[in-house]
Amino acid sequence: MGSSYRQFCPVAKAMELLDERWTLLVVRELVSGSQRFNELRRGLPRMSPSLLSRRLHQLVRAGVVQRHVVGNDVRYVLTRAGHELRPVVEALGAWGIRWVGELGDEDLDPKLLLWDMHRNVDHAAVPDGRTVVHFRFRDVPADLRDWWLVITGGEADVCDADPGHAVAVTVTGSLRGLVEVWRGDLTWPEALRGGVVQVSGPETLRRALPGWFTLSGFAAVPRPTSPA
């Protein structure tokens, strides 16, 4: 845990734990349902494994997380104290999407976008069997350009290499454009009409695609009509 603020204020005491770099984002991932180390890494692709281990150890020591080990399966599970941080994370996210400025290019990450999309699939809306969605981002380096989302049996998986299955639909566009759709800054119809995103495949699947995802939990947050 970081150095003390030397204040009795409960905000100060809470921030002694939570304001260290990446800590609250680790909590965000745990609140979102990630439990295994590799799941947490995929939700925090720019965080080093050693720092993630350190932050998890701090959260365990603080009683926010419990480490469960069954054989080779290690999971990090929120305690009651950890679950009580959910409204804190949600309030911060809602405030951030309302009041923090535009995204910089360095904020755009296809790994995080696809990981977030995979856990927000509306499986009841996706056709039965295996459905593969190919995403191609035309404005990123070649090694990050192509991604596949494989949806089957109530589960979804993200692949950065062709899984070899037939593709149902292909989504092509700018990374920024799809991030803006995901965040609710731009609607699917606006993105499609403006050419920011194109969807190719059978017409019924093209039309259905937007309904396969529930979008980010912050997409529906009302935005201010003018600066404060």
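Residues 1 to 228 (UniProt numbering) make up the sequence shown, in order. By construction, the Cβ of each residue, glycine as well, lies at the ideal position given by its N, Cα and C atoms.
Extent of the continuous beta strand (DSSP E) run through G173: The continuous beta strand (DSSP E) containing G173 extends over residues V169 to G173.
If contact is defined by three or more beta carbon pairs under 8 Å, each pair taking one atom from either stretch, is the segment 61 to 77 in contact with the segment 35 to 46? yes
How many whole angstroms separate the CB atoms of V196 and G173, which I take to be in contact at a CB cut-off of 8 Å? Indeed, because the Cβ distance is near 6 Å, the residues count as touching under 8 Å.
Go ahead and pull the three-state DSSP assignment for E29. Residue state, collapsed to three classes: helix.
On the three-pair Cβ rule with 8 Å, is the segment 101 to 111 touching the segment 40 to 58? yes
Among residues of its own chain, excluding the 5 on either side of F4, which ones have a beta-carbon nearer than 8 Å to its beta-carbon? Note on identity: in this sequence residue 4 is Ser, with Phe being the wrong assignment. So the list reads E16, once near-sequence residues are dropped.
When DSSP labels each residue in this structure, what does S50 get in the three-state scheme? Three-state DSSP puts S50 in a helix.
Cβ contact check for the segment 51 to 64 and the segment 11 to 28: 3 or more pairs under 8 Å: yes
From what residue to what residue does the alpha helix (DSSP H) around H118 run? P110 to H118
Which residues DSSP lists as bridging F213, in chain order: V121, per the DSSP bridge assignment.
So within the segment 36 to 113, which uninterrupted beta strand (DSSP E) runs reach at least 3 residues, ignoring any that extend past its ends? Runs of the beta strand (DSSP E) spanning 3 or more residues and lying entirely within the segment 36 to 113 occur at 65 to 70 and 73 to 78, in chain order.
Please classify F213: is it buried, with 16 or more other beta-carbons within 10 angstroms of its beta-carbon, or exposed? buried
With C-beta atoms as the reference, is V27 less than 8 Å away from V89? yes
Roughly how many angstroms lie between the CA atoms of D160 and S200, to the nearest whole one? 20 Å
Any C-beta of chain C sitting closer than 8 Å to the C-beta of R28? The chain labelled as chain C is not found in the depicted structure, where only one protein chain is given.
Between the alpha carbons of R98 and R86, how many angstroms are there, rounded? 18 Å
Taking V100 as the reference, which of V140, D185, P141 and F8 has the closest Cα? D185
For A191, which residues from the same chain have a beta carbon less than 8 Å from its beta carbon, with the 5 sequence-adjacent residues on both sides left out? G173, G177, L178, E180, V181 and V197
Can you tell me whether E84 is buried or exposed, with buried defined as 16 or more other CB within 10 angstroms of its CB? exposed
Counterpart residues of E155 in DSSP-defined beta bridges: According to DSSP, E155 bridges with T152.
Report the partner residues of R136 according to the DSSP bridge assignment. D146 and T172
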